[in-house]
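Read in order, the letters of the sequence shown correspond to residues 1 to 178 in the UniProt record's numbering. Ideal Cβ positions, reconstructed from N, Cα and C, are used throughout, including at glycine. Values in this document were obtained by computation on a predicted structure and should not be read as measured data.
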Amino acid sequence: MELQQAIANRRSVKKFKRDMHIDDALLYQAIEKAADAPNHGMREPWRVVHVPKDRLGDMSKDISKFAFPNELDKQQCHYDAVTKLGGMLLLILKQIQDNVKMMKTTLHLVHMHKILCCYFMSGNRYMLKSPLYIYDPKVRKTLGIKKDEVLAGFLYLTDLEEDMPKAPRKNRNLITLY
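Quick look at the structure:
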């Protein structure tokens, strides 16, 4: 699959109705390919944590008690949803206070997009989730996020077994002449 095709046709699976499985070797290859591309000096400070399928239940139990305290139904709903995934990535970067460095750090979005495209091109799907509880100190501690790091979000890893329809785009007035 060509990159342009991957960008145009990628879709996020948002409802996890069945148990999904992915090839972890393909995932690791996608991460390595994305990291090998020029990153404008931003090879670091990256950290990607892989939560394989067999650890998703443990992770859900560990964080949902802090993410949804006293809400057993939401904790169970979270467990039921994430354990159907093929795996998960935690995308972590260094927190930077300097405005110039902060601007350069927005390149993390570019790097994240490269990972997503490489992963999609390997024959898989994903969905990026950034729920508010990723900022909860107890959740951060449970996930091993250091004080000088930011958890950009969870990358839910899914497979390609279901065909996802392409929604019509409403891109209008994208270009303005100077």
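According to the Cβ coordinates, are aspartate 159 and asparagine 124 closer than 8 Å?
-> For the purposes of this step, residue 159 is taken as residue 159 along the sequence shown, with counting starting at 1. For the purposes of this step, residue 124 is taken as residue 124 along the sequence shown, with counting starting at 1. Yes; because the gap between Cβ atoms is below 8 Å, this pair is in contact.
So what's tyrosine 28 in DSSP terms, helix, strand or just coil?
-> Here residue 28 is taken as the residue at index 28 of the sequence shown, counted from 1. Correct three-state label for tyrosine 28: helix.
First and last residue of the alpha helix (DSSP H) that includes lysine 74?
-> By 1-based counting over the sequence shown, the position of residue 74 is 74. Element bounds for lysine 74: 72-82.
Which stretch, first to last residue, makes up the beta strand (DSSP E) that contains phenylalanine 68?
-> Locating residue 68 in the sequence shown gives position 68, where the first residue counts as 1. No beta strand (DSSP E) holds phenylalanine 68; DSSP gives it neither H nor E.
Reducing DSSP to helix, strand and coil, say where isoleucine 175 ends up.
-> In the sequence shown, counting from the first residue as 1, residue 175 sits at position 175. Looking at isoleucine 175 - three-state DSSP - the assignment turns out to be coil, as it is neither helix nor strand.
Are the Cβ atoms of aspartate 23 and lysine 84 separated by less than 8 Å?
-> The residue you call residue 23 lines up with position 23 of the sequence shown. The residue you call residue 84 lines up with position 84 of the sequence shown. Result no, Cβ atoms of aspartate 23 and lysine 84 do not sit closer than 8 Å.
Report yes if the CB atom of methionine 88 is closer than 8 Å to the CB atom of tyrosine 28, and no otherwise.
-> Taking the first residue of the sequence shown as 1, we reach residue 88 at position 88. Taking the first residue of the sequence shown as 1, we reach residue 28 at position 28. For methionine 88 and tyrosine 28, no; Cβs fall outside 8 Å.
Under 8 Å by Cβ, that's how I've got leucine 90 and leucine 143 pegged, so tell me the actual separation to the nearest angstrom.
-> Within the sequence shown, the letter at position 90 stands for residue 90. Within the sequence shown, the letter at position 143 stands for residue 143. Confirmed, Cβ separation roughly 6 Å.
Inter-residue spacing [alpha-carbon to alpha-carbon] between glutamine 75 and lysine 61 = The residue given as residue 75 occupies position 75 in the sequence shown. The residue given as residue 61 occupies position 61 in the sequence shown. The straight-line gap from Cα to Cα measures roughly 7 Å.
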